[in-house]
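Q: Residue numbers (mature numbering (1 follows the signal peptide of the UniProt record, and there is no 0)): -35 to -1, 1 to 301.
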Amino acid sequence: MNTPPPPHTSARLTRVAALVSAVCLLVAGCSVLGASDDGPDADPVGGPGDGMKVALITHGGKGDAFWDLVRRGAEAAAAKDGIDLTYASDSDAAAQAALVRDAVGDKVDGIAVTLAKPAAMRGPIARAKAAGIPVVGLNSGIDAWRPAGLLEYFGQDESVAGQAVGDKLDEVRAKHALCVVHERGNVALEARCAGVRKTFAGDTDNLYVDGSDMNAVTATIASRLRQDSSIDEVVTLGAQYGLSAVKAVERAGSRAKVATFDLDKDLVKAVQDGDVQFAVDQQPYLQGYLAVDALWLYRTNGNVSGGGTAPVLTGPAFVTRSNVSAVARFAAAGTR
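(1) Relative to the alpha-carbon of K27, which residue among V257, E148, D238 has its alpha-carbon at the smallest distance?
(2) Mapping DSSP to helix, strand and coil, what is T169?
(3) List the residues that DSSP assigns as beta-bridge partners of Y118.
(4) Who are the Cβ neighbours of T183 in its own chain at under 6 Å, not counting the five residues just before and after it?
(5) What are the start and end residues of the beta strand (DSSP E) that includes G280?
(6) Is the beta carbon of T300 less than 8 Å from the beta carbon of Y250?
(7) Assuming A81 and N151 are in contact, meaning their beta carbons sit under 8 Å apart, how far apart are those beta carbons, in whole angstroms?
(8) Looking at the ligand SAH, does it come within less than 7 Å of A204, judged from the CB to the closest heavy atom?
(9) CA-CA distance, H24 and L34?
(10) Distance check for N180 and F119, CA to CA, integer angstroms please.
(11) Could you check which residue in S287, E215, L115, N266 has the C-alpha nearest to that of R189?
(12) Give every residue of the same chain whose Cβ lies closer than 6 Å to the Cβ of S195, excluding the five residues on either side of it in the sequence, and list them in chain order.
(13) Let me know the secondary structure DSSP gives A297 once reduced to three states.
(14) Considering only the beta carbon of each residue, do A187 and G207 sit closer than 8 Å?
(15) Starting from the Cα of A68, find the closest Cα among V199, P99, A39, F226 and give me that residue.
(16) With DSSP as the reference, please indicate the residues paired to V145 in a beta bridge.
(17) Since G38 and Q252 are thought to touch, with beta carbons under 8 Å apart, how far apart are those beta carbons, to the nearest angstrom?
(18) Consult DSSP for T285 and reduce its assignment to one of helix, strand or coil.
(19) What are the uninterrupted segments assigned as beta strand (DSSP E) that are 3 or more residues long and contained completely in the region 31 to 86, given in chain order?
(20) Who are the near neighbours of C158 in its chain, counting only those whose CB is closer than 8 Å to its CB and skipping five residues on each side?
(21) Strictly by DSSP, which residues pair up with I22?
(22) Can you tell me whether A95 is buried or exposed? The criterion is at least 16 other CB atoms within 10 Å of its CB, across all chains shown.
(23) So, at 7 Å on beta carbons, what are the nonlocal neighbours of L50 in its own chain, with the 5 sequence-adjacent residues on each side left out?
(24) Quick check on the burial criterion: 16 or more other C-beta atoms within 10 angstroms. Buried or exposed for T285?
(25) Between G280 and V245, is the Cβ-Cβ spacing less than 8 Å?
(26) In whole angstroms, what is the alpha-carbon distance linking D175 and T185?
(27) Just the C-alpha distance for S287 and T164, rounded to the nearest angstrom, thanks.
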């Protein structure tokens, strides 16, 4: 059952109605709860400039450009809705949980959070709910958002996306895939590789790397490719890691191809140049935008996307050399 909108919404509506009624008694031709019959409708209660405070809290690591796209989308929605937005992130699960608790202590009006490691977030989310703060999920935790009691979820079904990549690898006749995981224990990343393994007819091996050290990522992939010449496909789980894989393939003198999840302007060029076979776009800008806008809609109009039971999917979509031009200009602008 969905949590009802905060009670102050109805109270505010009552106060606004009373004020407008009083003004209309003094101004001829003014109808109650509106201007003249020929004039525009009154602004909705709780519209832009309402002073709503929202915290967006992710598990983004330092230097990961993916989260810049999420943040830009969130900021665009906040600007439209007149929201005071705070963004914070930490790849450490305990530290991310502390950021959520801090947001509750700051008495924000809504929280958008990622669930890369759901168990660590249960307590802070429960605290937010107890304080009457609505919480929505995005990006990570598609299997965990409902058990955690979140209001809505915006993102990609990572298992389905991984299975789609497995099918794609069969289409290009790959035989041995290396799935590079840049953050150990992240449920979304693990689900991607598991999905690939489920549908790909060839062999799939996971390789765990330190995603905070790009030089180490390149070196580790290159080392593995030298050790096993049968690897003919490297699948990375983030755009910048895809670019590292391209360097690793060259360094190792390997004939392996590279495919990746996620997209940015540099990855778009790599697809255009043929260095990367394809990218899986989950539209991070859209995830950030929808999560913040959803909290505003819930506060001002009681809307709940998906009815509180179904996620709102933002992907997957394949970007290949044949269709990359359709998104290139948006990637160049920093929104794809």
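Even for Gly, the Cβ is constructed at its ideal location relative to N, Cα and C.
A: Answer, in terms of the structure:
(1) Residue 27 sits at position 62 when you count from the first residue of the sequence shown. For the residues V257, E148, D238, the minimum Cα distance to K27 belongs to E148.
(2) Numbered from 1 along the sequence shown, position 204 holds the residue referred to as residue 169. Here T169 sits in strand by DSSP.
(3) Walking along the sequence shown from the start, residue 118 turns up at place 153. For Y118, which the question treats as bridged, DSSP gives the partners G102.
(4) If you number the sequence shown from 1, residue 183 lands on position 218. Result list for T183: S209, K212, A213, in chain order.
(5) Position 315 of the sequence shown, counting from 1, holds the residue named residue 280. Here the beta strand (DSSP E) through G280 covers 277 to 280.
(6) As a first step, residue 300 must be located in the sequence shown, where it is residue number 335. As a first step, residue 250 must be located in the sequence shown, where it is residue number 285. Yes, the Cβ-Cβ distance between T300 and Y250 is below 8 Å.
(7) By one-based count along the sequence shown, residue 81 stands at place 116. By one-based count along the sequence shown, residue 151 stands at place 186. Going by Cβ atoms, the distance from A81 to N151 rounds to 5 Å, so yes, they are a contact pair.
(8) As for the ligand SAH, it is missing from this structure, which has no ligand bound.
(9) Walking along the sequence shown from the start, residue 24 turns up at place 59. Walking along the sequence shown from the start, residue 34 turns up at place 69. In a straight line, the C-alpha of H24 is about 14 Å away from that of L34.
(10) Taking the first residue of the sequence shown as position 1, residue 119 is located at position 154. Taking the first residue of the sequence shown as position 1, residue 180 is located at position 215. The alpha-carbon atoms of F119 and N180 are separated by roughly 32 Å.
(11) Taking the sequence shown and counting its residues from 1, one reaches residue 189 at position 224. Among S287, E215, L115, N266, the Cα nearest to that of R189 is on E215.
(12) Translated into the one-based positions of the sequence shown, residue 195 becomes position 230. So the list reads H141, once near-sequence residues are dropped.
(13) Start at 1 with the first residue of the sequence shown, and residue 297 comes out as number 332. Correct three-state label for A297: helix.
(14) Counted from its first residue, the sequence shown places residue 187 at position 222. Counted from its first residue, the sequence shown places residue 207 at position 242. Taking 8 Å as the Cβ cut-off, A187 and G207 do not qualify as a contacting pair.
(15) The sequence position of residue 68 within the sequence shown is 103, counting from 1. Per the Cα distances, P99.
(16) In the sequence shown, the residue the question calls residue 145 occupies position 180. Answer is L172, T201, bridged to V145.
(17) Locating residue 38 in the sequence shown gives position 73, where the first residue counts as 1. Locating residue 252 in the sequence shown gives position 287, where the first residue counts as 1. That pair is a contact at about 7 Å.
(18) Walking along the sequence shown from the start, residue 285 turns up at place 320. T285 falls in the strand class under three-state DSSP.
(19) 49 to 54, 75 to 78
(20) On the sequence shown, position 193 is the one that residue 158 refers to. Excluding residues within five positions, the ones whose Cβ falls inside 8 Å are G127, C144, V146, T169, N171, V200, L202.
(21) Against the sequence shown, residue 22 aligns to sequence position 57. Looking at the DSSP assignment, I22 forms a beta bridge with A53, V78.
(22) Residue numbering aside, residue 95 sits at position 130 when the sequence shown is read from its first letter. Under this definition A95 is an exposed residue.
(23) As a working note, residue 50 is residue 85 in the sequence shown. The answer, listed in chain order, is V19, L21, A39, E40, A43, V257.
(24) Reading the sequence shown from its first residue, position 320 is the one you call residue 285. Per the 10 Å Cβ criterion, exposed.
(25) The sequence position of residue 280 within the sequence shown is 315, counting from 1. The sequence position of residue 245 within the sequence shown is 280, counting from 1. Going by C-beta atoms, G280 is nearer than 8 Å to V245.
(26) Start at 1 with the first residue of the sequence shown, and residue 175 comes out as number 210. Start at 1 with the first residue of the sequence shown, and residue 185 comes out as number 220. Distance between the alpha carbons of D175 and T185 is about 9 Å.
(27) Here the question's residue 287 lines up with position 322 in the sequence shown. Here the question's residue 164 lines up with position 199 in the sequence shown. Whole-angstrom Cα-Cα distance: 24 Å.
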